[in-house]
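Structure first, commentary second.
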Amino acid sequence: MGKSAVVLALVATNPASPTNLATSQQIRDRTNLFHANAATRQQIESAYTAQMSNLCLSHQVDSSEFLQMKMALNQKKRNQLAEMRPLPTKRLKLKTTVILTSVSLLGQW
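Numbering (my numbering), first residue to last: 82 to 190.
Now the structure itself:
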């Protein structure tokens, strides 16, 4: 418990300058975009899985036609994933605190 108090005291004595840090709105926008991309990616994966299971369940398709349809589905999935809006490349500035100490403190922290 004493080590945690020391770490918290060191972090508290090194306050961040608000002008250098990202605003809470910027962080919220970035996380919302990340979650939206994850949800879109999940929808694409679910649609692909459903289409593949339908393809596997249809017994009227021969092996060469199956491979062609599978390759077409894979290409469609890759295209949909490529069209997703990428995360902005602008980096957010967050506060960091460097604490140089013994390994035992780092191991417990």
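The beta carbon of each residue, even a glycine, is placed where N, CA and C say it ideally should be.
L162 beta carbon less than 8 Å from that of S122
With the sequence shown as reference, residue 122 is identified as Arg, and Ser is not the correct amino acid for it. Yes, Cβ-Cβ distance for R122 and L162 is below 8 Å.
Which value, in whole angstroms, describes the spacing of the CA atoms of A128 and K158?
9 Å
Can the beta-carbon of N118 be found less than 8 Å from the beta-carbon of M165?
yes
So which of K151, L89 and S85 has the shortest CA-CA distance to N135?
K151
Measuring only the C-alpha atoms, how far is H116 from P167?
12 Å
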